[in-house]
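Every letter in the sequence shown is one number past the one before it in our numbering, and letter 133, counting from 1, is 133. Just so it is clear, CB atoms sit at the ideal spot from N, CA and C, and this is done for glycine as well. Remember, it's a predicted structure, so these values are computed and weren't measured experimentally. Below is one structure, written out as structure tokens, with a few remarks after it.
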Amino acid sequence: MIAARIRELGGGVTDTRAVKDDPAVIADALRELLADADAVVTTGGVSVGLRDALPDAARLLRARTVFHGVTVMPGTPALALEANGKVVLCLSGNPFASFVTFELLAVPLIRRLAGRGDPDNVRAVARLDQAFSKKSRLRRFVPGVVRGGRVGFTGDVGNRALVSLVGANCLVDVPAGSDGVAAGQDVDIVLMDNR
1 MIAARIRELG
11 GGVTDTRAVK
21 DDPAVIADAL
31 RELLADADAV
41 VTTGGVSVGL
51 RDALPDAARL
61 LRARTVFHGV
71 TVMPGTPALA
81 LEANGKVVLC
91 LSGNPFASFV
101 TFELLAVPLI
111 RRLAGRGDPD
121 NVRAVARLDQ
131 AFSKKSRLRR
141 FVPGVVRGGR
151 VGFTGDVGNR
161 ALVSLVGANC
171 LVDVPAGSDG
181 VAAGQDVDIV
191 LMDNR
């Protein structure tokens, strides 16, 4: 999914691979990938569980941690590293969360690497067609479809609902600490490139 999205944005994918949950194996793979790529995006292994080996791999790689953890849902455990002057962006293993944080974090990185003058995410305001009733302790980004200044959700708005990404062309930005967002309310949205 991530490789397809990179290609959709006009980027090249030099390699995709699955590696064992072992810090030394991950560090070796990252070294190899960084030799041929401008940046590396990984999924899984970034949280704090016993099998989440990327923080230990970063130490073996002698990478500098730019950040570990973001205050958004989904995708809170995202990790960014700098190694040999290149970025390694490590996303959640949850496919839905990795897609959302890819849009928020990797898309601007890809734009910057491509030399675009407008690297930041394109934001807009739209009127919400339907209510979003979930409480949001952190900022929450929910896939939607925006047309003519109005935005609606694409389906199930649960954090694991990959089907909600089908047809989505934006992410609705639900503010932190909210009890939901009423239908008819203006909301901030993040537009997705090439969608």
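According to DSSP, what are the bridge partners of residue i?
i: residue 126; result: 187
i: residue 173; result: 141, 188
i: residue 87; result: 39, 82
i: residue 72; result: 139
Let me know the secondary structure DSSP gives residue i once reduced to three states.
i: residue 51; result: coil
i: residue 80; result: strand
i: residue 107; result: helix
i: residue 178; result: strand
i: residue 133; result: coil
i: residue 13; result: coil
i: residue 66; result: strand
i: residue 146; result: strand
i: residue 92; result: coil
Count the other C-beta atoms from every protein chain shown that fall within 10 angstroms of the C-beta of residue i, then say buried if there are 16 or more, exposed otherwise.
i: residue 111; result: buried
i: residue 67; result: exposed
i: residue 103; result: buried
i: residue 84; result: exposed
i: residue 149; result: exposed
i: residue 1; result: exposed
i: residue 173; result: buried
i: residue 220; result: Outside the displayed span of the chain (1 to 195) sits residue 220, for which this structure offers no information.
i: residue 182; result: exposed
What span of residues does the alpha helix (DSSP H) with residue i cover, start to end?
i: residue 37; result: Looking at the DSSP string, residue 37 is not in any alpha helix (DSSP H), and its letter there is neither H nor E.
i: residue 5; result: 2-8
i: residue 101; result: 95-101
Would you kindly work out how many angstroms separate the C-alpha atoms of residue i and residue j, rounded to a whole number?
i: residue 65; j: residue 47; result: 14 Å
i: residue 29; j: residue 79; result: 17 Å
i: residue 203; j: residue 75; result: Any property of residue 203 remains undetermined from this structure, which presents the chain solely from 1 to 195.
i: residue 24; j: residue 7; result: 29 Å
i: residue 117; j: residue 57; result: 33 Å
i: residue 77; j: residue 54; result: 11 Å
i: residue 166; j: residue 82; result: 33 Å
i: residue 36; j: residue 107; result: 20 Å
i: residue 125; j: residue 142; result: 14 Å
i: residue 22; j: residue 52; result: 9 Å
i: residue 176; j: residue 87; result: 28 Å
i: residue 105; j: residue 170; result: 14 Å
Could you pull the start and end residues of the beta strand (DSSP E) that residue i belongs to?
i: residue 152; result: 150-153
Is any non-hydrogen atom of the ligand NAD found closer than 7 Å to the C-beta of residue i, if you look at the structure I gave you?
i: residue 46; result: Ligands in the displayed structure: none, and consequently the ligand NAD is not present.
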